[in-house]
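Colleague: Quick one: the structure is below, questions incoming.
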Amino acid sequence: MDLYEHQARELFDRHGVLVPEAEVVDTARAAREAAGRLGADRHGVVVKAQVKTGGRGKAGGVKKAADAAAAEITARQILGMDIKGHTVHSVMLASPVNVEKEYYVSYVLDRAAGGFIAIASAEGGMEIEEVAAARPEAVARVPVDPARGVTPEVADRIVSEAGLPEDVAPVLRKLWTVLESEDALLVEVNPLVRTGDGSIVALDGKVTLDDNARFRQARWGESAEVPSGGEGGRLEAEAASKGLNYVKLEGEVGVIGNGAGLVMSTLDVVAGCGARPADFLDIGGGASAQVMADGLSLVLSDPDVKSLLVNVFGGITACDAVAEGITQALDQVRLTKPLVVRLDGNNAVRGREILEENPHPLLEQRTTMDGAAQRAAELATAAAAAA
Amino acid sequence: MAIFLSKASKVIVQGMTGAEGMKHTRRMLAAGTDIVGGVNPRKAGQDVEVDGRSVPVFGSVAEAREATGADVSVLFVPPAFSRAAVHEAVDAGIPLAVVITEGIPVHDAVAFRAYAQERGTRIIGPNCPGLISPGQSNAGIIPADIAPEPGRIGLVSKSGTLTYQLMYELREIGFSSCVGIGGDPVIGTTHIDCLEAFEADPETDLIVMIGEIGGDAEERAAAFIKENVTKPVIGYVAGFTAPEGKTMGHAGAIVSGSSGTAQAKKEALEAAGVRVGETPTGTARLVLDRLS
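So this is what it looks like as structure tokens:
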């Protein structure tokens, strides 16, 4: 789960990393009041769009305002703005910081090494990929031993390899605490700045939390990823409420399968047959009839879907349970679009029988994945042509 | 011979007395696995009846290993307790720990991976279906009856259901071993570890490698194949049409040095001389062509 800048700022603050004074608001009116509290009439204020994407500055999502009245006008411009497909629903007002020098520091998962590494550079503020490409020697990478964490020695090594001043080392240790105690997969501060009075302040930050750690992070509460807007958002929110692993896509063949790998593969095979998948829906291993029924109802309710493809290879999932789920769903919701089912593997013979015993004019079975995808693609194309 | 797991493997199950643990212990026994015990401190000293066979329950992995000489542990332990359970297996000197559990926090996986590596335990998983050497032993949840006869193909895959699909397509030929390494970002045994083992295994003639989007494990495997693998390798990559995943911020991109797309992985594999199938069925066909 990616956090907004203001949420990252809160985590930094909680672990003793200095951050600018700031407030988050979702209306221009509230922006004016917050700016007043932050002393904008004396020293101005920075208005920053809260979106989970980079390049906010270039898109006009980060602006200085001279006083509280100006902050209201600026907030009005930024709220509702579209930045790379993300609508701005809130802005953070932050007290300006007198920046003397900008650095880059992050802890990130190095999948190849199976652990976290520190990445640091004395050249902060710009895109770190650009620094790494232009001057690789300016970017230090130091692996962190998970059993020991960022000890004073490790912090010293990071600052010395990156050419950072020594007083960044204690901040690096606090940021490691953020990563470890908050179960983060990424903690990135860009820029980390030295101010005119010599403090080290995290001016902007990015944090990704590990969804798998939710069970032990009570503070996260129930707040999940905010789904995108529109019809896709509605479907994704509904899927989330039913515990389904669902992603809305652009096409017209609704895809349901078991196991992320097989579903991804099914999307590819559908695309190979000349149609476009409308979604990714993984009912998971050992799926019950109810999960299948929920999944089918959800995909049927997507107006973009012209045909449905259920592709299940029963490993742990029993195909008879999948077939029961399909017949159950067809009792609960009216099937209005053609459905192609391919069941194979564990109890497939019984599963196919169950579907034959409960025939439906819009339901067809195929025994191979490629054959089923081909048929679903044809049906979607035919339905689209007829419409 | 097969890799990592053979007829001689003595297997214990951590979390055997739970619902999933029992279900799969039964299946593993039916597949011929020599299950010598289970571990549950609250049920230590009891015997569990599984389809007419009596399996002893021990209070700890160390006790189980001491009493039975177990050298493989399969873990069906909930995410919150997985880290401690893996440490226990490592401390007991178990050479191979197969972590089936899904949803383990990445920090825990990082910690137990490092702990195991320093002490010489191989971890498979987490979030994996385990491994099977057909006709010999099954450690995990791969349904043995998909491809019950042993053969000479070695298979390594991130994805459980794609493993099953390919096993099914190639069941007539049969497998030496199939290893589901798991789809989590941090795993104990990689594609490369399996490629190396299959290359050295005299009972494997051809290797099937299944990958999917994310990270750069397939690209690194391709580089490894080019330098070190003489046996034919057939590949498959899932996720050409999958939407871009969550970005890990700027720092992620410079770590992997790759976009992580299916196309990039396919190209890397092909550049290393690996033939890559368009679909699972197409991939199976490439295997059949190569073997005929």
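Chains as they are written, first to last, in the UniProt record's numbering: chain A, 1 to 387; chain B, 1 to 292. Just so you know, even glycine gets a beta-carbon here, dropped at the ideal spot from N, CA and C. For clarity, every value in this text was computed on a predicted model and none was experimentally measured.
Under 7 Å Cβ-Cβ, which residues of chain A neighbour residue 296 of chain B?
Modeller: Since the first and last residues shown for chain B are 1 and 292, residue 296 of chain B lies out of range.
Colleague: Please confirm if the stretch 63–76 of chain B is in contact with the stretch 2–12 of chain B, defined as three or more CB-CB distances below 8 Å between the two stretches.
Modeller: The stretch 63–76 of chain B, when compared against the stretch 2–12 of chain B, does touch it at the 8 Å Cβ threshold.
Colleague: By DSSP, does C273 of chain A sit in helix, in strand, or in coil?
Modeller: The answer is coil: DSSP assigns C273 of chain A none of H, G, I, E or B.
Colleague: At the 8 Å Cβ level, is F12 of chain A part of the contact set with chain B, yes or no?
Modeller: Chain B contact via Cβ: absent.
Colleague: In chain order, which continuous runs of the beta strand (DSSP E) of length 3 or greater are located wholly inside the stretch 145–174 of chain A?
Modeller: Entirely contained in the stretch 145–174 of chain A, not one beta strand (DSSP E) run reaches 3 residues.
Colleague: May I ask you to list, following chain order, the residues of the stretch 206–223 of chain B that have a beta carbon less than 8 Å from some beta carbon of chain A?
Modeller: Residues passing the 8 Å Cβ filter: I210, E212, I213, G215, D216, A217, R220.
Colleague: Just mark D282 of chain A as buried or exposed, buried being the case when its beta carbon has 16 or more other beta carbons within 10 Å.
Modeller: So D282 of chain A counts as buried.
Colleague: Can you have a look at E88 of chain B and say buried or exposed, based on whether 16 or more other CB atoms are within 10 angstroms of its CB?
Modeller: The residue is buried, with at least 16 neighbouring Cβ atoms inside 10 Å.
Colleague: Can you confirm whether the stretch 196–212 of chain A touches the stretch 12–27 of chain A when touching is taken to mean that 3 or more C-beta pairs between the two stretches lie within less than 8 Å?
Modeller: In short, these stretches touch, since the Cβ pair count reaches three.
Colleague: Quick one: does L185 of chain A have its CB under 8 Å from some CB of chain B?
Modeller: Output row for L185 of chain A: interface = yes.
Colleague: Bridge partners for Y236 of chain B per DSSP, in chain order?
Modeller: Paired residue(s): B:I210, B:G277.
Colleague: Can you say whether K58 of chain A is buried or exposed, counting buried as having 16 or more other CB atoms within 10 angstroms of its CB?
Modeller: Flag for K58 of chain A reads exposed.
Colleague: Any beta carbon from chain B within less than 8 Å of R56 of chain A's own beta carbon?
Modeller: R56 of chain A does not count as touching chain B.
Colleague: Hey, quick one: how far does the beta strand (DSSP E) through A139 of chain B stretch, first residue to last?
Modeller: Here the beta strand (DSSP E) through A139 of chain B covers 137–140.
Colleague: Just how far apart, CA to CA, sit D67 of chain A and E33 of chain A?
Modeller: Roughly 11 Å separates the two Cα atoms.
Colleague: For F81 of chain B, which residues in chain A fall below 9 Å Cβ to Cβ?
Modeller: Those do not exist, as F81 of chain B stays about 11 Å from chain A at its closest Cβ, beyond 9 Å.
Colleague: Examine chain B for any beta-carbon lying closer than 8 Å to the beta-carbon of A191 of chain A, and answer yes or no.
Modeller: At residue 191 of chain A the sequence reads Pro, which differs from the Ala that was named. Judged by the 8 Å Cβ criterion, P191 of chain A is not in contact with chain B.
Colleague: Identify every run of the beta strand (DSSP E) within the stretch 42–125 of chain A, keeping only runs that are complete inside it and at least 3 residues long; order them along the chain.
Modeller: If we require 3 residues or more, the beta strand (DSSP E) runs fully inside the stretch 42–125 of chain A come out as 45–49, 62–65, 91–94, 99–110, 115–121.
Colleague: With three or more C-beta pairs closer than 8 Å as the rule, is the stretch 132–152 of chain B touching the stretch 224–231 of chain B?
Modeller: Verdict: no, contact absent.
Colleague: Report yes if the CB atom of P126 of chain B is closer than 8 Å to the CB atom of N346 of chain A, and no otherwise.
Modeller: No.
Colleague: Could you tell me if H24 of chain B is buried or exposed, where buried requires 16 or more neighbouring beta carbons within 10 angstroms of its beta carbon?
Modeller: Buried is the call here.
Colleague: L249 of chain A bridges to which residues according to DSSP?
Modeller: DSSP lists no partner for L249 of chain A.
Colleague: Which chain A residues sit within Cβ distance under 8 Å of L162 of chain B?
Modeller: The answer, in chain order, is G259, G261, L262, S265.
Colleague: Given E219 of chain B, which residues of its chain have a CB within under 8 Å of its CB, disregarding the five upstream and five downstream residues?
Modeller: These residues qualify, in order along the chain: S258, A264, K265, A268.
Colleague: Would you call F58 of chain B buried or exposed, if buried means 16 or more other Cβ atoms sit within 10 Å of its Cβ?
Modeller: By the 10 Å Cβ count, F58 of chain B comes out buried.
Colleague: With H, G and I counted as helix, E and B as strand and the rest as coil, what does DSSP make of G315 of chain A?
Modeller: G315 of chain A falls in the coil class under three-state DSSP.
Colleague: What's the C-alpha gap between A284 of chain B and N212 of chain A?
Modeller: C-alpha separation (whole angstroms): 34 Å.
Colleague: T368 of chain A versus chain B: which residues are under 8 Å apart at the beta carbon?
Modeller: Result: T281.
Colleague: Is R111 of chain A near V77 of chain B, with beta carbons less than 8 Å apart?
Modeller: Their beta carbons are not under 8 Å apart, which means R111 of chain A does not touch V77 of chain B by this criterion.
Colleague: Does K242 of chain A pass the burial test, meaning 16 or more other C-beta atoms within 10 Å, or should it be called exposed?
Modeller: Burial call: exposed.
Colleague: Rounded C-beta distance between A222 of chain B and V274 of chain B? I'm assuming under 8 Å.
Modeller: About 7 Å; that satisfies the 8 Å criterion.
Colleague: Give the list of continuous alpha helix (DSSP H) stretches no shorter than 4 residues that lie fully inside the stretch 142–194 of chain B.
Modeller: Within the stretch 142–194 of chain B, the complete alpha helix (DSSP H) runs of at least 4 residues are 160–169.
Colleague: Hey, is the stretch 180–189 of chain A in contact with the stretch 157–170 of chain A, meaning 3+ C-beta pairs nearer than 8 Å?
Modeller: Judged by Cβ distances under 8 Å, the stretch 180–189 of chain A makes no contact with the stretch 157–170 of chain A, as fewer than three pairs qualify.
Colleague: Given that R122 of chain B touches chain A, what residues does it touch there, using C-beta distances under 8 Å?
Modeller: Within 8 Å Cβ-Cβ: nothing; R122 of chain B doesn't reach chain A, min ~13 Å.
Colleague: Can you grab the Cα-Cα spacing for the pair I326 of chain A / G261 of chain A, in whole Å?
Modeller: If you take the alpha carbons of I326 of chain A and G261 of chain A, they lie about 22 Å apart.
Colleague: Does chain C have any CB closer than 8 Å to the CB of G272 of chain A?
Modeller: Of the chains in the structure shown, none is chain C; the protein chains are A and B.
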